[in-house]
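Data first, discussion second: the structure below is written as structure tokens.
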Amino acid sequence: MTATSRSTPWPSSFTALLLLVLLLASTRVGAIYENQAGVKDWHHKWIGRPRFSLFHDNDDQTHLFAATELGVIASLNTTSGDIAWRHILNEPVYVLTAKGGNLLSLSGSTARLWEASTGFLVWERATSPNKVVPGTAFFADNGNVLTLTAGSTVQKLSGKKGTVLWKVQLDSPVAFQNLVLTTTGKLYAVGLARPTLHVVELDPATGATVSTHQVSADVSEILVLDLYVIWTDGEKLTIHLLGTGYGSDTPLQ
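In terms of mature numbering (1 follows the signal peptide of the UniProt record, and there is no 0), the sequence shown is residues -31 to -1, 1 to 222.
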């Protein structure tokens, strides 16, 4: 009697074993601990701690625009909390303001105009090589932009293309901190160098200097509100009318 041998179907067994190993490996890789659920299995987008925020002036307050300490500007959906768009600028943001369908930002030494609804960059313009001194910027007539940077450089930029319409260097040893276009249409640069307040009036159309004057103000901080500069020395409140040598003092006690 001749014995016949049966061969073991090892290829099929090997295939099954291989599939089992792969299945276990994939399960191990994808698994998380219970206390990690909702923490490590999600990808989060952050913007940082807000420095200032605003609603769009033509919006129904469904979106909030913010600039943060991390140098991020973003549009946030106020209903869902989702980030509609964001841009990481990696430099301090000094100004974020809105007009029409646009946002204006000033960060470092660069002014940028954004489309508010999409975050699309319309234009950007380097305003000064000095990134240390905080500047200011705002919308002027016809959507054009006025900027003060490096404490002495004033520019008027085209709101459509960001081209320079005029640019002036203020001839003064003081670093100017404020630029204001009043409700009467006058443009002033205001700087404080104790014990003196320095004021320069500029022609908004050309940037030419109209007048300059100085006022005694032995203080460390001032507040500029439209036509007025306000400060206190701890004993009295002083209100100075821009463009003049006039002011009024009110005792605090």
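The C-beta atom is built at its ideal place from N, Cα and C for all residues, glycine as well.
Remember, it's a predicted structure, so these values are computed and weren't measured experimentally.
What residue ranges within the segment 82 to 154 form continuous alpha helix (DSSP H) runs of no fewer than 4 residues, ordered along the chain? none
DSSP state of valine 188 mapped onto helix, strand, coil: For the purposes of this step, residue 188 is identified with residue 219 of the sequence shown, where counting begins at 1. Looking at valine 188 - three-state DSSP - the assignment turns out to be coil, as it is neither helix nor strand.
Which partner residues of histidine 32 appear in the DSSP bridge assignment? The sequence position of residue 32 within the sequence shown is 63, counting from 1. In DSSP, histidine 32 forms a bridge with Asn46.
Contact between the segment 145 to 158 and the segment 80 to 97 is defined here as three or more beta-carbon pairs at a separation below 8 Å; is this criterion met? no
As a quick exercise: from Pro220, Leu196, Thr213, Tyr215, pick the residue whose alpha carbon is nearest that of leucine 206. Position 237 of the sequence shown, counted from the first residue, corresponds to residue 206. Ranking the options by Cα distance to leucine 206, first place goes to Pro220.
Considering residue 297, what are the terminal residues of the beta strand (DSSP E) in which it resides? Shown here, the chain extends from -31 to 222; a query on residue 297 therefore has no answer.
Identity of the residue in Leu211, Gln124, Gly203 nearest serine 180 by Cα: Counting from 1 along the sequence shown, the entry for residue 180 is found at position 211. That would be Leu211, whose Cα lies nearest to the Cα of serine 180.
Taking 7 Å as the limit between beta carbons, can you name the residues of its chain near arginine 20, skipping five residues before and five after? One-based indexing of the sequence shown puts residue 20 at position 51. Only Ala36, Thr37, Glu38, Val62 meet the Cβ criterion.
Between the CA atoms of threonine 47 and leucine 23 - distance to the nearest angstrom: Your numbering for residue 23 matches position 54 in the sequence shown. Your numbering for residue 47 matches position 78 in the sequence shown. If you take the alpha carbons of leucine 23 and threonine 47, they lie about 12 Å apart.
Note down the Cα distance separating alanine 53 from serine 217, rounded to an integer number of angstroms. The residue given as residue 53 occupies position 84 in the sequence shown. The residue given as residue 217 occupies position 248 in the sequence shown. So the two alpha carbons sit approximately 48 Å from each other.
Could you have a look at arginine 18 and say whether DSSP puts it in helix, strand or coil? The residue you call residue 18 lines up with position 49 of the sequence shown. Looking at arginine 18 - three-state DSSP - the assignment turns out to be coil, as it is neither helix nor strand.
Residue environment, tyrosine 157, which counts as buried when at least 16 other CB atoms sit within 10 Å: Sequence index remark: in the sequence shown, residue 157 carries index 188 (1-based). Flag for tyrosine 157 reads buried.
Smallest Cα separation from proline 173: which of Val188, Val137, Ala162? Looking up residue 173 in the sequence shown gives position 204. If we check each option's Cα against that of proline 173, Val137 comes out closest.
Compare the Cα-Cα distances from leucine 115 to each of Leu82, Asp140, Thr201 and report the closest residue. Residue 115 sits at position 146 when you count from the first residue of the sequence shown. For leucine 115, the nearest C-alpha among the options comes from Leu82.
For leucine 117 and phenylalanine 107, the rounded distance between their alpha carbons: Walking along the sequence shown from the start, residue 107 turns up at place 138. Walking along the sequence shown from the start, residue 117 turns up at place 148. The straight-line gap from Cα to Cα measures roughly 9 Å.
Please name the residue in Asp195, Asn59, His25, Pro103 whose C-alpha comes closest to that of leucine 72. Here residue 72 refers to the residue found at position 103 when the sequence shown is read from its first residue. Ranking the options by Cα distance to leucine 72, first place goes to His25.
Excluding the five sequence neighbours on either side, which residues of its own chain have a C-beta within less than 8 Å of the C-beta of aspartate 110, listed in chain order? Along the sequence shown, read from residue 1 onward, the residue named residue 110 stands at position 141. If we look at aspartate 110 and ignore the five residues flanking it on each side, its Cβ neighbours are Pro173.
Out of Leu75, Ser86, Thr79, which one is the CA nearest neighbour of threonine 31? Taking the sequence shown and counting its residues from 1, the one referred to as residue 31 is at position 62. Checking every option, the nearest Cα to that of threonine 31 belongs to Ser86.
How about asparagine 141 and histidine 167: are their beta carbons less than 8 Å apart? Residue numbering aside, residue 141 sits at position 172 when the sequence shown is read from its first letter. Residue numbering aside, residue 167 sits at position 198 when the sequence shown is read from its first letter. Before going further, note that residue 141 is serine rather than asparagine in the sequence given. Yes, Cβ-Cβ distance for serine 141 and histidine 167 is below 8 Å.
Judging by CA-CA distance, which residue of Glu170, Tyr215, Ala119, Asp195 is the nearest neighbour of glycine 105? Here residue 105 corresponds to residue number 136 of the sequence shown, with the count starting at 1. With the sequence shown as reference, residue 105 is identified as threonine, and glycine is not the correct amino acid for it. Out of Glu170, Tyr215, Ala119, Asp195, Ala119 has the C-alpha closest to the C-alpha of threonine 105.
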